[in-house]
Each structure stands twice: as C-alpha cells, then as structure tokens.
C-alpha cells in the first residue's frame, strides 16, 4: 500500500525462518492486494497467468499467480476472509487455509488478530503437506499457536474418510463447475459424504469482527489520514471500511463474538456426529 511502498522489514517472519531451516530456497516476495484486499496494489494489478485479461483475485494474488505460472515450486499466502482460497480457485493452484493456531503469524502484517492465518499455495496436495509440515507448530511470537500432530493421510483408505457438506452450498449461480466437480470426485472415490445441518442465523454479523479488528490494526493510518494515499477509495475499500468501523457500538461487537462461538460449536457438533 502507498504509505509503505518503500518499507523493508527489519526481521524475518517465523514462517520464513522455519522454511529456511527446512532447506527451502527462498526466491522472492510476491505482490498482494493493498492491505490484504483483492489483486490491486499501488497502481498495478496482479493477473491470472492463464488469462491476462483477468486479475488473479486476492489478497494472496502474487503467491497464487506465480505458483500457477511456475515461477517457483510453492508460495505462502495469508487469509482472513478468502485470501488464500479465492486466488487459488482463480489461478488453479492448491491452497490450504490452515486451522487457526496451527501456523504462526509472527512477523506477518496483522489485519484481524482472531481470524488471520498463514498457509501454503502449491501445485499439488502432496506439496501442500510438505510445506505445512515445515511451517506448522507453536511459536512464542504468536500466542495463539499450538503444537498439534498432523495425521499421516497417505495410507488412509478413502472409505474411512468422512467429509461434511451442505448440498445447497453447491447450488446457485455463484457456484462454479470446479466446485461441483470436486464434490463429484470425492463421491466417486468412495469418501463418506455427510450432509450436515447448521442453525440459521445472522451470519453476516461476523463481518463486524473483521472490520473492527482491521480498523484497530490500522488505527494510526486512519488517524493520520495516510489512508487518503491509497488508490482505491470505493465504499467497500479498506479506507472507508476502517472509517465506518469507528462507528460500530461495542455491544454489537460483543454480540458478534458471542455468535461466532455459537457457530463454531455448531460446526464442531455437526462434524462429530
């Protein structure tokens, strides 16, 4: 983003250090959408290597685009709300949004402390596992992290794998052919597909958490008016999201956090039945 166009970090992030210790050859830093949103940064756009008329989506725009183009064997992305999954779908890479707390965010830019994640973007599931093995684990620089074992999935028969899903998630105009193909492939492999039920509710209120935490992370930028330097100033762009988040009542944020806990419990219960 414009206020930090020439910034050079003083230290490596934890994931960079772990990759280097594992023997990875680190080549470059990739572009991402300004302040982790979309595929536009400064006055440029990162493109989908398969269709240069189309942006690569984001915010991990360069990570997915460069991996798909074969510039490097793998990359890292960050995700708060689709920023690994979305560019991976657009560019045709394998992106893993890890469970919160499995991979350290130490040394990475914070957007939303209780939702941010770091994960691998690769060209195969096998490579994804190799990278995740290297970067996962507890880290003092990120108090949310834990040491949790990774299952040895390679020898597990498909028939012993259970996958929860909701049929309506694979219907409608926003669902792409690749979504339905993935579902069909799992079914053909013999994976046990379990239709899950989740309570109805005001799911959109969860965006309040992201917007308020992001506004807090960039409080100084809003107070100093440095956000005026960003090229993108549409109503949905970060500068205006940050400004409007200052008007969110504390009670509304608390209720959104309570609802998040309720939905987390609903998901856990649906998959354990």
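Residue numbers (our numbering): 35 to 307. Glycine included, C-beta positions come from ideal geometry on N, C-alpha and C.
The Cβ atoms of residue 111 and residue 153 lie closer than 9 Å to each other.
Nearest C-alpha to residue 133 among 236, 169 and 276: 169.
With contacts defined by Cβ atoms closer than 9 Å, residue 127 and residue 156 form a contacting pair. The C-beta distance from residue 196 to residue 228 rounds to 6 Å, short enough to meet the 8 Å contact threshold. Beta-bridge analysis with DSSP links residue 209 to no other residue. Comparing alpha-carbon positions, the option among 266, 240 and 76 lying closest to residue 40 turns out to be 76. Take the alpha-carbon of residue 150 and the one of residue 108: they are about 20 Å apart.
Boundaries of the alpha helix (DSSP H) harbouring residue 119: 119 to 125, taken from the DSSP string. In the pairwise beta carbon analysis, the segment 113 to 123 is classified as not touching the segment 134 to 143: fewer than three pairs are separated by under 8 Å.
Ranked by Cα distance from residue 93, the first of 304, 51 and 66 is 66. Of the candidates 62, 58 and 88, 88 places its Cα closest to the Cα of residue 72. Considered as a whole, the segment 43 to 121 harbours 48 to 55 and 95 to 103 as its complete alpha helix (DSSP H) runs of no fewer than 4 residues, in chain order. For residue 165, the secondary structure class from DSSP, reduced to helix, strand or coil, is helix. Counting along the chain, residue 273 sits inside the alpha helix (DSSP H) bounded by residues 272 to 279.
As computed with DSSP, residue 151 is found in a beta bridge with 113. Residue 79 has its alpha-carbon roughly 21 Å from the corresponding atom of residue 61.
Here residue 255 is buried, its C-beta having at least 16 other C-beta atoms within 10 Å. Note on residue 209: under 16 other CB atoms within 10 angstroms of its CB, so exposed under the neighbour-count rule. Contact between residue 266 and residue 70 fails: their C-beta atoms lie close to 13 Å from each other, not under 8 Å.
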